[in-house]
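Just so you know, full-length UniProt numbering puts 199 at position 199 of the sequence shown, and the rest follows in order with no gaps.
Contents: one structure, followed by commentary.
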Amino acid sequence: MIRKVSVPVAAAVLVTGLGGVAVASVPSSSPSAAGPAAPAGNLDPGPNHRRLDPLVGTWKAVKTNYLLGGNGKPVVSRDITVRTRWIAKTGGRFLEERTEGTLAGKHYFRLGILGFSNIDRRYEWTTFDSVTPTAMTYRGPRVSGTPSVLSIPGAFTDPGLLGPRYYGKTIPMRTVITIPRNGHPTFDLYFTPPQQKERLVDRVVYTRKIG
């Protein structure tokens with residue numbers, strides 16, 4: 001004999017199980033249990049993306065590298081060209097930078113991707129270049145407002161850039177991007193080797209190309 005179990009229709013569905021036992025299904029979670037809705041426009045580029053607009057364009061750059069020189073003297077490259085654009089296929093969410101020239105007498109190339117995470121409220125920067133065999137990845141701290149100086153920390157495993165004693169060691173690093181609305185943007189790279197103070201290892205100063 002099948003015995004019916006009375007349950008609210010909105011809360012459960014009656015299912016007849018094996019042996020004639022009535023089983024009520026577990027009600028689904030209410031919409032409120034899923035948490036608050038995402039803020040409107042959270043997926044769209046916003047003011048912090050627009051803060052990067054002054055970087056867009058074609059630039060001549062002077063690159064000063066303090067790692068590759070000898071006798072304490074840096075290597076200075078004056079033939080660097082930087083081309084920066086919003087990636088249209090991402091809906092203008094990410095900025096692409098392509099840098100080419102020479103460094104220490106060798107061809108130099110770098111691809112950089114810069115963006116802003118609306119949900120984490122942080123700038124994110126990743127580069128791939130012809131010097132290091134690893135991606136250099138940076139994730140900034142939470143920011144408020146639209147800063148003109150971006151300090152974005154990261155870490156990498158040293159492939160030998162700092163010498164044999166640091167090979168395979170995790171090296172904290174930090175890129176500082178200065179974005180004047182008019183003027184010369186700068187990209188400064190700092191390393192902090194184990195048991196040492198943070199030091200500047202690379203600086204690139206941009207000058208906008210005319211024509």
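The beta carbon of each residue, even a glycine, is placed where N, CA and C say it ideally should be.
Fair warning: this is a prediction, and the values are worked out from it, not measured in the lab.
- Scanning the region 149–175 from its first residue to its last, the whole beta strand (DSSP E) runs of 3-plus residues come out as 149–157.
- DSSP places Arg50 in the helix class (H, G or I) of the three-state scheme.
- Around Ser148, the same chain offers Ile179 as residues with beta carbons nearer than 6 Å, after the five sequence neighbours per side are excluded.
- CA-CA distance, Asn118 to Gly46, rounds to 8 Å.
- Minimum Cα-Cα distance from Pro153 among the listed residues Ala61, Lys60 and Leu189 corresponds to Leu189.
- In the structure shown, Thr90 adopts helical secondary structure according to DSSP, grouped into three states.
- About 6 Å separates the Cβ atoms of Thr146 and Asn48, confirming a contact at the 8 Å cut-off.
- With respect to the 8 Å criterion, Val62 and Val76 are classified as neighbours on the basis of their beta carbons.
- With contacts defined by Cβ atoms closer than 8 Å, Leu150 and Tyr108 do not form a contacting pair.
- Residue range Gly57 to Asn65 is occupied by the beta strand (DSSP E) that includes Val62.
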